[in-house]
Amino acid sequence: MRKAKVLVSIFLIMVIFTACAKKNADIANEKEVVRVGLVSSSSGFGDGAFNDLTLKGVERAKSEFGIEYDKVQIKAVGDIELSLRDMASTGDYDLIIGLTYEAIQAMKTVAPEFPDQKFALIDTSIEAPNVVSYMTRDEEASYLVGVVAASMKFQNSGFNLKEDNKIGFIGGVDAPNIRVFYSGYTAGAKSVNPSIESVSDFVGGFTDVTTAKEIAKSMNQQGADVIFHAAGMSGNGLFQTAKENGTFAFGVNLNQNATEPDVIVGSMIKNVDIEAYEAIKSVVEDNFKAEVIKLGLKENGVDFVTEGSNVKLPDEIIKSVDEAKEKIINEEIKVPSNMDELVTFEDTLN
């Protein structure tokens with residue numbers, strides 16, 4: 508009888524211990540769920556560019572790591588600071604993400620107010636003890652676009668373009684992060700033909716399709732019948748003009764080739780989704796570090812793609828692109844990322 512009581516007591520202790528262990532495990536699992544806050548840029552989700560790409564990376568992290576996230580779509584750039592502060596003040600988020608140069612000032616203001624909060628900046632950078640910044644080397648893939656654009660202008664390319672020796676570039680705004688695209692694009696074009704002229708203009712925003720369309724028409728009239736854009740949703744105006752005029756265009760950020768496959772030659776893609784994914788991964792794996800990380804062709808942060816386009820490039824042009832890409836990866840070509848570096852690059856060609 509005494510032995511039976513002892514066995515019952517042991518059994519009860521084991522049941523209680525198991526229940527407590529399970530409860531503690533459940534609590535631990537709850538704590539392990541990483542929560543992410545995402546604040547859009549002014550072009551918003553559905554832009555087919557930075558916001559959608561970032562969201563793609565967050566969704567990948569959700570699928571692989573089981574994270575939870577909330578997103579806020581701002582109405583104006585001035586809303587970014589308020590949204591970042593609102594999220595940080597809750598203390599509910601392990602990581603809060605801001606996008607593009609539009610978030611720089613807001614992040615500089617809010618991050619010091621919450622020193623224990625981890626932040627990430629996508630496609631731009633600041634130096635702060637609690638902010639990791641991810642940037643892509645946009646100039647590298649833009650260089651490849653320039654190689655193609657200039658090659659298409661040659662009379663023997665088969666594209667029968669105007670002989671004005673001009674190509675075009677349309678930017679969303681005249682800002683350093685957009686000039687990066689122009690610098691790489693122009694350098695790539697001049698590596699093929701040093702005398703080519705790269706005509707540029709800026710829409711004044713990333714959602715103004717009408718203005719971009721008019722700029723593209725004007726460039727076509729000037730003889731620039733191959734145009735690259737870095738203008739977000741405004742770039743749809745370029746595609747419309749190319750379709751109407753029988754000229755050619757290049758997409759940006761996402762693979763936009765299928766949008767107008769008969770006139771979009773290829774797209775310079777930014778794998779911003781990788782940036783967002785890596786930022787979240789660093790928090791999940793507890794190795795978050797405040798630093799600036801740059802991803803180029805070598806790291807698969809950027810690339811030039813033709814999949815989805817009906818425009819067939821001659822083998823000679825494809826070969827030129829492959830050779831340029833290899834040289835950039837091997838650091839045989841240093842692609843300019845601003846106007847001063849572009850001037851220096853051009854001097855080496857003369």
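Numbers in this note's numbering are just positions in the sequence shown, counted from 1, shifted up by 507.
For each residue, glycine too, the CB sits at the ideal point set by N, CA and C.
Status (buried if at least 16 other CB within 10 Å, exposed otherwise) for residue i
i, result
"Gln624", "buried"
"Lys826", "exposed"
"Ala583", "exposed"
"Leu856", "exposed"
"Asp554", "buried"
"Asp866", "Look at the range of the chain in this structure, 508 to 857, and you will see that residue 866 is not part of it."
"Gln763", "buried"
"Gln747", "buried"
"Gly665", "exposed"
"Asn794", "exposed"
"Val655", "buried"
"Asn845", "exposed"
"Thr597", "exposed"
"Asn684", "buried"
"Val850", "exposed"
"Ser570", "exposed"
"Lys801", "exposed"
"Asn778", "buried"
"Asn837", "exposed"
"Asn727", "buried"
"Val540", "exposed"
"Thr717", "exposed"
"Asp829", "exposed"
"Lys819", "exposed"
For residue i, the three-state DSSP class (helix, strand or coil)
i, result
"Asp630", "coil"
"Ser746", "First, the residue type needs correcting, since residue 746 is Phe and not Ser in the sequence shown. Phe746: helix per DSSP, three-state reduction."
"Asn760", "strand"
"Leu602", "strand"
"Lys720", "helix"
"Phe518", "Confidence is the limiting factor: at Phe518 the pLDDT is only 49, short of 50, which leaves the residue's position unreliable, though a coordinate-based value still follows. If DSSP states are grouped into helix, strand and coil, Phe518 belongs with the helices."
"Ala738", "coil"
"Phe552", "coil"
"Glu806", "coil"
"Asp671", "coil"
"Phe666", "coil"
"Gly712", "coil"
"Phe811", "strand"
"Val459", "The question about residue 459 has no answer, for the chain in this structure spans 508 to 857."
"Lys788", "helix"
"Phe755", "strand"
"Leu818", "Here the sequence assigns Val to residue 818, which means Leu is not the residue at that position. Note: Val818 maps to coil in three-state DSSP."
"Ile703", "coil"
"Val799", "strand"
"Val687", "helix"
"Val655", "helix"
"Asp623", "coil"
Cβ-Cβ distance between residue i and residue j below 7 angstroms
i, j, result
"Phe709", "Asp732", "no"
"Leu651", "Ala831", "yes"
"Phe676", "Ser705", "yes"
"Arg542", "Asp599", "yes"
"Ser590", "Val546", "yes"
"Phe688", "Ala610", "no"
"Lys615", "Ile633", "yes"
"Val812", "Ser774", "yes"
"Asp780", "Asn817", "no"
"Leu602", "Val842", "no"
"Gly744", "Lys720", "yes"
"Ile629", "Ala783", "yes"
"Ala756", "Val639", "no"
"Gly585", "Gly679", "no"
"Val699", "Ala648", "no"
"Ala595", "Phe557", "no"
"Leu606", "Ser548", "yes"
"Gly730", "Lys673", "yes"
Span of the alpha helix (DSSP H), counted from its first residue to its last, around residue i
i, result
"Phe852", "846-856"
"Ile771", "Segment 771-777 is the beta strand (DSSP E) holding Ile771; no alpha helix (DSSP H) there."
"Tyr641", "Element bounds for Tyr641: not the alpha helix (DSSP H) but the beta strand (DSSP E), 638-643."
"Val617", "611-617"
"Val828", "822-836"
Residue i - containing beta strand (DSSP E), residue span
i, result
"Val543", "542-546"
Proximity test, Cβ basis, 7 angstroms: residue i and chain D
i, result
"Leu856", "Although the question refers to chain D, the structure presented lacks it and comprises just one protein chain."
In the region 549-597, which residue ranges form an unbroken beta strand (DSSP E) of at least 3 residues, counting only runs that do not cross its ends? 575-579
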